[in-house]
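Below is one structure, written out as structure tokens; the observations come after it.
Residue numbers (the UniProt record's numbering): 1 to 316.
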């Protein structure tokens, strides 16, 4: 990894250290003050996110950012994607949290990408946490497979086949279906066991998750970062200046939240409307279930309705 200039080690205003861990394979950046503010406000859920970058004069690297809701807390730059690397990153954050006055709630929600090394690292390092996956990333994986198999034309275009379209919509809607009803859905009979019984079992389901169901927060950060740096191949110094600026913004947001804890969540009208509609659909389905009014056709119809809220994107 590149040598980091002394000017980028710290923040000039309060001399707070920014680069906390430095090795040939890994740099970890954060300020203790920002993480302490996050603890005071209640961590709730942590959302690690990977952003692939190519740093000038370096190997292809990746920026790994851990968010607290809408606020980036920690940034790691590495060219390795091993379980040991992810454990080092999560352990560093866990160590800082453990040293906070009053400690922290260890029963966190950790919501991350479908990468086995990252999932294993999170489960080992924070065993009491609830490890979940991004439903958005699962949908993108399925969408890529759809395109690879040439199925898109049978779902959307003039060659549309109602049987295939119905199967596809049912499959996508299972993301917000109670797991104990999976076996009642014919569309799941040919889904690879990796998703139902394998290493990703259960972590992608978003049934009854009222908030943070999708990766809108992290994807917005990804988009904002790329708009800041304007390209994926960039000098290390420029990237660090952007990250320092984002850390200052995180601190400001946390201070504002501390003073206004009852302020509404910062969501666009579109996202707020979508969340309300999804919650209403789940609530209605649960009421039918409580009255014993579920059968295969009702479950399939529910899944197809919910598929409207699942992304059609295959790439960012």
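Don't be surprised by glycine CBs; every beta carbon is placed ideally from N, CA and C.
Spatial neighbours of residue i within its chain, please: C-beta separation below 7 angstroms, excluding the five flanking residues on both sides.
i	result
residue 314	140, 143, 144, 147
residue 123	131
residue 178	207
residue 86	117, 118, 121
residue 379	Look at the range of the chain in this structure, 1 to 316, and you will see that residue 379 is not part of it.
Between which two residues does the beta strand (DSSP E) containing residue i stretch?
i	result
residue 23	Here residue 23 belongs to no beta strand (DSSP E), and DSSP marks it neither H nor E.
Is the separation between the beta-carbon of residue i and that of residue j shorter than 9 angstroms?
i	j	result
residue 279	residue 210	yes
residue 133	residue 111	yes
residue 332	residue 89	The structure shown does not extend to residue 332, since the chain spans only 1 to 316, so no value can be given for it.
residue 17	residue 34	no
residue 93	residue 39	no
residue 164	residue 135	no
residue 37	residue 239	no
residue 277	residue 309	yes
residue 125	residue 82	no
residue 166	residue 304	yes
residue 257	residue 41	yes
residue 225	residue 63	yes
residue 71	residue 227	no
Per DSSP, which residues does residue i bridge with? Please list them.
i	result
residue 74	66
residue 111	132
residue 198	Bridge partners of residue 198: none, in fact.
residue 29	19, 75
What residue range does the alpha helix (DSSP H) around residue i cover?
i	result
residue 250	236–259
residue 168	162–173
residue 90	83–98
residue 119	116–125
residue 269	269–290
residue 183	Where residue 183 is concerned, there is no enclosing alpha helix (DSSP H), given that its DSSP letter is neither H nor E.
residue 317	Nothing can be reported for residue 317: it is not among the residues displayed for the chain, which extend from 1 to 316.
residue 309	That residue, residue 309, is in no alpha helix (DSSP H); it is neither H nor E in DSSP.
residue 152	152–155
Tell me which same chain residues have a C-beta within less than 6 angstroms of the C-beta of residue i, skipping the five on either side of it?
i	result
residue 55	Note that residue 55 has pLDDT 46, beneath the 50 cutoff, so the model's placement of it is unreliable and the number below is only indicative. Here the set comprises 61, 236.
residue 129	108, 110
residue 161	154
residue 57	With a pLDDT of only 43 at residue 57, under the threshold of 50, the placement of this residue in the model should not be trusted; the figure read from the coordinates follows. Nothing listed; no residue qualifies.
residue 205	179
By Cβ distance, which residues of its chain are closer than 8 angstroms to residue i, with the 5 residues on each side in sequence left out?
i	result
residue 181	294, 299
*asked:* Taking 8 angstroms as the cut-off, does the stretch 73–80 touch the stretch 17–36 (at least 3 CB pairs, one atom from each stretch)?
replied: yes
*Do the stretch 239–248 and the stretch 170–182 make contact, defined as three or more Cβ pairs closer than 8 angstroms?*
no
*Touching or not, the stretch 293–307 and the stretch 179–187, by the rule of three or more beta carbon pairs under 8 angstroms?*
yes
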